[in-house]
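Protein chains in written order, with the working numbering: chain Y, 1 to 656; chain X, 657 to 952.
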């Protein structure tokens with residue numbers, strides 16, 4: 001019980017004082033029960049304001065403080081330090097939010113002052129009943145888990161490992177590399193994508209602090225900041241990776257050679273049932289696709305599996321099973337990347353009518369010298385060189401009916417292709433670009449665009465209404481909004497630049513990690529400007545395109561940022577734990593376990609008593625103080641420190 | 657089984673072009689629908705659907721459409737509007753009035769004089785809603801006596817039947833398939849062709865007649881060159897372009913066009929074994945005898 005409370009009212013410049021009568025509020029506070037002093041200042045969060053609070057506490061020997069100011073989300077932490085310095089326990093501080101909840105929301109000064117008084121009255125009522133609490137500490141597991149082996153995950157893992165932390169890098173597919181490994185060149189510098197990526201992949205493979213888990217997926221995540229337990233499913237490769245030398249003899253021998261659609265080649269190339277996704281794969285080990293392998297689907301492969309005969313290392317093992325492993329980590333970096341919209345949903349662009357309508361990713365594979373055509377640009381329908389190629393930008397992007405956002409890489413990737421295609425097919429190849437706006441916003445991008453504009457390329461500003469499949473060519477109807485003319489373009493090959501969309505399993509994945517998705521489906525950052533790589537869950541960070549579409553440059557920068565934020569946690573031995581956790585009144589608890597089912601952090605367990613009864617018990621290290629269990633508890637046995645019923649109910653009574 | 661046999665009743669909203677010029681559409685409709693357990697009720701007092709004055713006077717447009725709907729509502733009947741243009745006008749009006757009570761009240765003030773009231777209780781049914789969704793493919797299949805023997809037919813939906821999609825049109829605006837499904841049910845073949853969604857040109861007829869016929873001719877020329885045996889539509893405006901004006905369209909684009917053009921309802925009738933005369937086939941001006949004599 002506090003009965004010597006000081007009230008401090010902040011003007012927040014004119015943010016509060018222009019709508020709330022500060023003088024009246026200060027005088028009003030003095031008359032409230034338990035308040036012995038009341039003061040005002042223009043900026044309570046400034047040094048002068050902080051000293052005013054500290055001095056007033058000491059002079060009046062206060063045992064409780066109420067500050068009427070902005071939202072506790074802004075400055076509660078600051079003021080807790082101030083009152084602690086003055087000699088009052090940090091948890092004997094109560095904030096009355098008279099800015100966001102009062103001055104900013106109202107215009108009439110008299111009414112706003114009346115509401116400010118009510119909010120202050122409630123805060124004082126609660127402050128009288130607050131109890132001093134002590135923060136505890138939790139030990140930190142000095143290891144990190146990075147999810148996703150694309151360029152973002154690679155960068156985060158390397159940064160964390162260089163800083164001296166143990167890192168587990170988890171990748172869903174058989175190899176590191178992600179989308180960047182599929183690209184031929186990168187804009188605007190035209191660096192060879194593979195040449196700048198593979199050294200980093202090798203670094204991952206050889207780094208003593210990094211344990212690489214490819215062909216593995218997260219099953220379940222428990223725990224909280226500093227101490228996560230991550231269950232990982234290592235999918236069976238049916239190849240013993242300790243024995244496999246990556247020689248590729250089995251790939252050549254496979255009975256289904258060149259008959260399985262290659263995911264890495266975006267559906268335009270073929271592979272075997274036993275395969276390495278691409279020649280620079282890390283680890284350079286084979287994997288058997290269990291959905292197509294004859295041995296694994298039918299139990300027999302001709303007169304016997306040819307891969308087994310071919311493998312000198314005896315590495316093939318059809319009996320291998322998925323393996324579940326458990327990892328401990330203090331922080332998690334999520335870099336799971338993006339999917340591309342399936343252009344089938346935009347029927348008018350003819351993707352499912354003609355083989356010669358392809359996507360940018362498929363074009364990347366055609367351009368790439370290790371791709372299905374060995375780098376030759378050939379039409380998928382007849383294998384002939386195209387004389388005319390048309391790009392359609394913003395397919396599904398910036399479109400009210402599909403994705404409202406910009407994909408941020410489409411314009412530049414098409415411009416890059418113009419350069420590469422002119423190089424491969426000669427200057428006489430006709431290239432048309434149908435664009436909405438050319439967004440060349442990054443460093444060196446505008447200059448690159450300028451260069452391409454001088455390369456005999458036709459730019460049409462508009463969205464084609466339809467791509468028609470004719471016998472000998474494709475025709476594109478487009479209304480060019482710069483010349484106000486309708487054009488009919490005849491082309492041999494149409495390249496669609498599809499929208500970047502969240503991974504289709506994002507919702508499921510986000511639930512496992514207790515993180516949020518934005519309205520667009522991408523993973524949500526804690527603050528769009530000031531916490532761009534944090535999530536609302538402590539110790540979980542996001543990087544790359546899982547957060548929003550971005551180019552390689554931005555992905556790498558964000559990945560380093562996420563690694564640095566994770567290192568903030570891992571470099572500490574102990575973290576301070578908020579004492580605002582739940583606890584159980586064991587005498588009242590009937591052991592119904594409702595709270596256990598509702599707790600998102602698995603922080604509650606059921607304890608059996610000797611008399612056959614049971615009660616709930618909160619693990620304070622795991623509890624995040626969300627209060628869900630308190631709301632769910634039917635008997636009132638569950639209470640949260642700092643927000644007990646007997647503290648909140650008087651507050652509500654006074655306020656309303 | 658009983659429920660399936662039960663006859664459904666609809667008020668026929670004939671529009672203007674069908675009863676004054678495109679008789680074959682109405683004849684064939686009246687022949688095939690009874691076989692599919694649909695009863696058509698003729699009501700008195702319908703006026704213009706209002707589509708032609710849409711860009712001139714919004715209030716009058718709504719009042720005129722609402723008046724027609726109100727006439728059917730009075731008899732507690734849903735409206736079947738075989739002309740896609742009429743169907744669009746009435747659907748548009750319904751969407752506005754059902755979501756805007758203030759406008760509904762204004763419109764009802766006009767209708768009061770005639771003792772009518774728009775309530776929103778009647779649905780507006782298009783030819784595709786009726787054939788494909790209400791009657792259904794299975795029921796159509798059961799009536800087929802003379803399947804169309806695999807003749808290859810080019811489908812034409814026309815703009816009004818599938819656009820604008822926000823109004824909830826009877827089929828997909830980019831990839832409509834319901835006519836294809838119906839044709840398959842009566843034994844015909846269909847195929848994608850690049851001009852499938854192209855406009856017939858009819859709406860340009862008043863001020864740019866040559867442009868209108870160019871659009872008509874180009875589509876038919878492509879259909880002819882791609883080797884289709886026939887061409888099918890469901891809109892009387894489109895039909896007039898492709899059927900009655902085919903020869904003229906050919907002369908404008910300097911092509912000899914000989915594409916047999918049918919209403920979908922006529923093809924259904926042929927497959928049901930109904931006589932040519934009853935289906936108004938003698939009224940078609942395109943060379944329909946080239947296929948109706950032998951193949952079907």
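All C-beta atoms, glycine included, are put in the ideal place defined by N, C-alpha and C.
Within the continuous alpha helix (DSSP H) that includes residue i, where are the two ends?
| i | result |
| --- | --- |
| residue 461 of chain Y | No alpha helix (DSSP H) contains residue 461 of chain Y, which is instead part of the beta strand (DSSP E) from 457-461. |
| residue 468 of chain Y | Segment 466-469 is the beta strand (DSSP E) holding residue 468 of chain Y; no alpha helix (DSSP H) there. |
| residue 6 of chain Y | Run containing residue 6 of chain Y: none in the alpha helix (DSSP H); it sits in the beta strand (DSSP E), 5-10. |
| residue 15 of chain Y | Residue 15 of chain Y -> no alpha helix (DSSP H), and no H or E assigned at all. |
| residue 83 of chain Y | 72-86 |
| residue 597 of chain Y | 594-598 |
| residue 510 of chain Y | 506-513 |
| residue 63 of chain Y | Here residue 63 of chain Y belongs to no alpha helix (DSSP H), and DSSP marks it neither H nor E. |
From residue i to residue j, what does the alpha carbon distance come to, in whole angstroms?
| i | j | result |
| --- | --- | --- |
| residue 131 of chain Y | residue 643 of chain Y | 10 Å |
| residue 700 of chain X | residue 706 of chain X | 17 Å |
| residue 854 of chain X | residue 810 of chain X | 12 Å |
| residue 886 of chain X | residue 916 of chain X | 5 Å |
| residue 258 of chain Y | residue 595 of chain Y | 55 Å |
| residue 510 of chain Y | residue 612 of chain Y | 39 Å |
| residue 133 of chain Y | residue 68 of chain Y | 22 Å |
| residue 636 of chain Y | residue 651 of chain Y | 18 Å |
| residue 496 of chain Y | residue 824 of chain X | 28 Å |
| residue 426 of chain Y | residue 456 of chain Y | 11 Å |
| residue 936 of chain X | residue 835 of chain X | 20 Å |
| residue 943 of chain X | residue 882 of chain X | 17 Å |
| residue 222 of chain Y | residue 579 of chain Y | 20 Å |
| residue 41 of chain Y | residue 8 of chain Y | 8 Å |
| residue 444 of chain Y | residue 73 of chain Y | 39 Å |
| residue 127 of chain Y | residue 655 of chain Y | 13 Å |
| residue 100 of chain Y | residue 565 of chain Y | 29 Å |
| residue 765 of chain X | residue 751 of chain X | 18 Å |
| residue 913 of chain X | residue 721 of chain X | 38 Å |
| residue 375 of chain Y | residue 279 of chain Y | 15 Å |
| residue 608 of chain Y | residue 89 of chain Y | 36 Å |
| residue 516 of chain Y | residue 526 of chain Y | 9 Å |
| residue 789 of chain X | residue 761 of chain X | 33 Å |
| residue 932 of chain X | residue 926 of chain X | 7 Å |
For residue i, write down the residues that DSSP places opposite it in a beta bridge.
| i | result |
| --- | --- |
| residue 569 of chain Y | Beta-bridge pairing links residue 569 of chain Y to no other residue. |
| residue 531 of chain Y | Y/527 |
| residue 434 of chain Y | Y/392, Y/460 |
What residue does the beta strand (DSSP E) around residue i start on, and which one ends it?
| i | result |
| --- | --- |
| residue 450 of chain Y | No beta strand (DSSP E) holds residue 450 of chain Y; the alpha helix (DSSP H) holding it covers 445-453. |
| residue 276 of chain Y | Element bounds for residue 276 of chain Y: n/a, residue is neither H nor E. |
| residue 666 of chain X | 664-668 |
| residue 218 of chain Y | 216-224 |
| residue 616 of chain Y | 614-618 |
| residue 500 of chain Y | 500-502 |
Taking all protein chains shown into account, do 16 or more other C-beta atoms lie within 10 angstroms of the C-beta of residue i, making it buried, or fewer, making it exposed?
| i | result |
| --- | --- |
| residue 708 of chain X | exposed |
| residue 950 of chain X | Any reading at residue 950 of chain X must be qualified, since the residue scores a pLDDT of 47, below 50, and its modelled position is unreliable; the value itself is stated next. Answer is exposed; the Cβ neighbour count stays below 16. |
| residue 828 of chain X | exposed |
| residue 600 of chain Y | exposed |
| residue 864 of chain X | exposed |
| residue 372 of chain Y | buried |
| residue 115 of chain Y | buried |
| residue 665 of chain X | exposed |
| residue 940 of chain X | buried |
| residue 369 of chain Y | exposed |
| residue 216 of chain Y | buried |
| residue 453 of chain Y | exposed |
| residue 687 of chain Y | One cannot answer for residue 687 of chain Y here, as it falls past the ends of chain Y, which runs 1 to 656. |
Checklist entry - Can you give, in chain order, each stretch of the beta strand (DSSP E) that sits fully within the stretch 759-832 of chain X and has at least 3 residues? => result Entirely contained in the stretch 759-832 of chain X, the beta strand (DSSP E) runs reaching 3 residues are, in chain order, 808-811.
Item to check | In chain order, each beta strand (DSSP E) run of at least 3 residues that lies wholly inside the stretch 138-211 of chain Y | outcome: 143-147, 166-170
Next on the checklist: As an exercise, report each continuous alpha helix (DSSP H) stretch of at least 4 residues that is fully enclosed by the stretch 314-393 of chain Y, in chain order.
Outcome noted: 360-367
Next on the checklist: Give the list of continuous beta strand (DSSP E) stretches no shorter than 3 residues that lie fully inside the stretch 673-756 of chain X.
Outcome noted: 694-697, 734-736
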